[in-house]
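A short write-up of the structure that comes next.
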Amino acid sequence: MLNLKSSHSTAFTPSSPAERYAEALASGQFMADEAQAQAVQELDRVWKELLNRYKASKKAFRRFRRQTSPKGVYMWGGVGRGKTWLMDQFYESVPFRRKTRMHFHHFMQHVHKELNKLSGQRNPLDIVADQIYKDAVVICFDEFFVSNVTDAMILSDLFQKLFVRGVTLIATSNIAPDGLYKNGIHRDRFIPTIEMVKKNCVVLNVDAGVDYRLRVLKQAQLFKSPLGNEAQSWISERYTALTHTQTNSHEPIVINNRVVETLGHTEDVLWCEFSELCLKPRSPADFIEIANIYNTVLVSNVPHLTDFLSEGTRRFIYLVDEFYDRGVKLLLTSQDSIIDIYQGEKLAFEIERTRSRLLEMQSDEYLHSEHRHIDATKTS
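First residue of the sequence shown? That's 1182 in my numbering, and the numbers climb one at a time after it.
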């Protein structure tokens, strides 16, 4: 069964997205700008329409039935512009349980797993779409990004089925819909999906002049460069301080049936070499599992990241994305500073998000965030 229950709270709250945004402005967490205000206005519209629909369904003593759904919102723009925060405030304000908030990559992993289970059955995507709709009439996607032909072709059919069933989509992305899957194989077949998203969502560019992540950073000592004896001593001391009251092991661990050599680990702290995590064959699923088990991860000896190490760099990007989304605390030693951590061209676009997240992961606010688990029994 495809289960999309999110790790985020589903407790009822009467505050709307607009009220939450007003509170953030009053507290100084955000500075007012027109682009964000427009996004909040649209999110508030969706919230009100969903709330009216929910109240009507309760009054009639029935669950949501397939009907015309509120038009969703697709927010795109550069990193650090508050897109994810706005989406999360919307998600938390929705008072019913048939909702989910997921990183887009996680969602596609769910879909692939379910399709594998349904291999040989007729119309497997219809079954998947029915189950998604059963779990969620509102889907919030963070980091909507399509990079391979398999996902593109699946989405072409799946989105059509979800919109027909009455699912409302809220999405964040660094890319405008027209730029999705750019230069991809058989992209012409994906164009109708782009048009479908544009038809079913209000598309908003939320770029503005303030990078909210950098503005609120309060640097903590979680990153050390360059590499050398000082950096090695630094990370060793941090590991000892984090684990001295716990049972410690230097034995390998097994993640998704693959051995991972460690420099040390406890029940909830892991220390590994960059080469072990990113230069060996690892999938995004491995980083998902690591993030589920460990609330703190130390990574030693991040080298010059260049196009020569593009596969390792890509895995590092996956690692940071996953840890960030799950509230994992990350300590690194690196040859280069965060700003200069990548010296290549192939992944220049993707690495901007990684730089931004590495900076935010050192902030006091991030350090106080909770470690968010995924229930493994519901994702297998």
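Ideal Cβ placement from N, Cα and C applies to all residues, glycine included.
message: Is it the case that the region 1273-1293 contacts the region 1378-1389, given that we only count it when at least three CB pairs across the two stretches are under 8 Å?
response: no
- request: Please report the Cβ distance between A1412 and G1365, rounded to the nearest whole angstrom; I am assuming they are in contact, meaning their Cβ atoms lie under 8 Å.
  value: Stepping through the sequence shown from its first residue, residue 1412 is reached at position 231. Stepping through the sequence shown from its first residue, residue 1365 is reached at position 184. Their Cβ separation, rounded to whole angstroms, is 40 Å, which puts A1412 and G1365 out of contact at 8 Å.
message: Any contact between the region 1445-1462 and the region 1525-1544? By contact I mean 3 or more CB pairs, one from each, below 8 Å.
response: no
- prompt: When the Cα atoms are used, what is the spatial distance from A1220 to L1511?
  reply: Against the sequence shown, residue 1220 aligns to sequence position 39. Against the sequence shown, residue 1511 aligns to sequence position 330. Distance between the alpha carbons of A1220 and L1511: 31 Å.
query: In its own chain, which residues sit with a C-beta less than 7 Å from the C-beta of I1436, not counting the 5 before and 5 after it?
result: Residue numbering aside, residue 1436 sits at position 255 when the sequence shown is read from its first letter. The residues are D1467, E1470, I1471.
query: Which residue from A1317, N1355, K1405, R1234 puts its Cα closest to that of I1522?
result: Residue mapping note: residue 1522 aligns to position 341 of the sequence shown, counting from 1. Of A1317, N1355, K1405, R1234, the residue nearest in Cα terms is K1405.
query: When you compare only the Cα positions, how much space is there between I1372 and S1537?
result: Taking the sequence shown and counting its residues from 1, the one referred to as residue 1372 is at position 191. Taking the sequence shown and counting its residues from 1, the one referred to as residue 1537 is at position 356. Spanning the two alpha carbons is a distance of roughly 30 Å.
task: Counting only the same chain and skipping the five closest in sequence on each side, list residues whose C-beta sits under 7 Å from that of I1474.
output: Looking up residue 1474 in the sequence shown gives position 293. Excluding positions up to five away in sequence, the list is empty.
message: With H, G and I counted as helix, E and B as strand and the rest as coil, what does DSSP make of Y1475?
response: Mapped onto the sequence shown, residue 1475 falls at position 294. In the structure shown, Y1475 sits in coil (DSSP, three-state: anything other than H, G, I, E or B).
- prompt: How is H1552 classed by DSSP in three states: helix, strand or coil?
  reply: What you label residue 1552 is simply residue 371 of the sequence shown in a count that begins at 1. Here H1552 sits in coil by DSSP.
- prompt: Can you give the beta carbon distance from G1263 to V1387, rounded, assuming they're within the 8 Å contact cut?
  reply: Position 82 of the sequence shown, counted from the start, is the residue given in the question as residue 1263. Position 206 of the sequence shown, counted from the start, is the residue given in the question as residue 1387. Contact holds; Cβ gap of about 7 Å.
query: Can you give the Cα-Cα distance for S1550 and D1502, rounded to whole angstroms?
result: Within the sequence shown, numbered from 1, the residue matching residue 1550 stands at position 369. Within the sequence shown, numbered from 1, the residue matching residue 1502 stands at position 321. Going by the C-alpha atoms only, they are around 15 Å apart.
- request: May I have the straight-line CA-CA distance separating M1212 from L1299, to the nearest angstrom?
  value: If you number the sequence shown from 1, residue 1212 lands on position 31. If you number the sequence shown from 1, residue 1299 lands on position 118. Between M1212 and L1299, the C-alpha separation is close to 48 Å.
query: Could you give the residue range of the beta strand (DSSP E) that holds D1517?
result: In the sequence shown, residue 1517 corresponds to position 336, counting from 1. Where D1517 is concerned, there is no enclosing beta strand (DSSP E), given that its DSSP letter is neither H nor E.
task: Could you name the residues of the same chain whose beta carbon sits closer than 7 Å to that of P1358, not counting the 5 residues immediately before and after it, in chain order?
output: For this step, residue 1358 is matched to residue 177 along the sequence shown. Excluding sequence neighbours, P1358 sits near Y1255, I1375, V1378, K1379, V1384.
field: Beta-carbon proximity check, T1349 vs T1265, cutoff 8 Å
entry: Counting from 1 along the sequence shown, the entry for residue 1349 is found at position 168. Counting from 1 along the sequence shown, the entry for residue 1265 is found at position 84. Taking 8 Å as the Cβ cut-off, T1349 and T1265 do not qualify as a contacting pair.
message: Below 8 Å, how does it come out for the region 1339-1349 and the region 1311-1326: are there three or more Cβ pairs, yes or no?
response: yes
- prompt: How should S1481 be labelled, buried or exposed, when 16 other C-beta atoms within 10 angstroms of its C-beta is the threshold for buried?
  reply: Residue numbering aside, residue 1481 sits at position 300 when the sequence shown is read from its first letter. It counts as buried.
query: Which whole-angstrom value is the C-beta distance of Y1272 and R1282, which I expect to be below 8 Å?
result: By 1-based counting over the sequence shown, the position of residue 1272 is 91. By 1-based counting over the sequence shown, the position of residue 1282 is 101. At roughly 4 Å, the Cβ-Cβ gap stays under 8 Å, so Y1272 and R1282 are in contact.
- prompt: CB L1540 to CB S1491, shorter than 8 Å?
  reply: In the sequence shown, the residue the question calls residue 1540 occupies position 359. In the sequence shown, the residue the question calls residue 1491 occupies position 310. Cβ distance not < 8 Å, so L1540 and S1491 don't count as in contact.
message: Quick check on F1288: does DSSP put it in helix, strand or coil?
response: Counting from 1 along the sequence shown, the entry for residue 1288 is found at position 107. Correct three-state label for F1288: helix.
query: Ends of the alpha helix (DSSP H) at T1421?
result: As a working mapping, residue 1421 is identified with position 240 in the sequence shown. That run of the alpha helix (DSSP H) goes 1410-1424.
- prompt: What are the uninterrupted segments assigned as alpha helix (DSSP H) that are 4 or more residues long and contained completely in the region 1195-1226, given in chain order?
  reply: 1198-1208
task: Grab me the residues of M1182's own chain with a C-beta within less than 7 Å of its C-beta, minus the 5 sequence neighbours each way, in chain order.
output: Indexing the sequence shown from 1 puts residue 1182 at position 1. With a pLDDT of 47 at M1182, under the threshold of 50, the modelled position of that residue is not reliable, and the figure given next carries that caveat. Excluding sequence neighbours, M1182 sits near Q1312.
field: Residue interval of the beta strand (DSSP E) (run including I1351)
entry: Residue mapping note: residue 1351 aligns to position 170 of the sequence shown, counting from 1. Start and end: 1349-1354.
field: Integer-rounded CB distance, given that Q1270 should sit under 8 Å from R1201
entry: Locating residue 1201 in the sequence shown gives position 20, counting from the first residue. Locating residue 1270 in the sequence shown gives position 89, counting from the first residue. The pair is a contact, with the Cβ atoms about 4 Å apart (cut-off 8 Å).
Distance between E1204 and L1444 (C-alpha atoms, nearest Å): On the sequence shown, position 263 is the one that residue 1444 refers to. On the sequence shown, position 23 is the one that residue 1204 refers to. Distance between the alpha carbons of L1444 and E1204: 44 Å.
field: Cutoff 7 Å; reference H1446; Cβ partners in own chain excluding five residues on either side
entry: Along the sequence shown, one-based indexing puts residue 1446 at 265. Closer than 7 Å at Cβ, skipping near neighbours: S1430, I1434, W1452.
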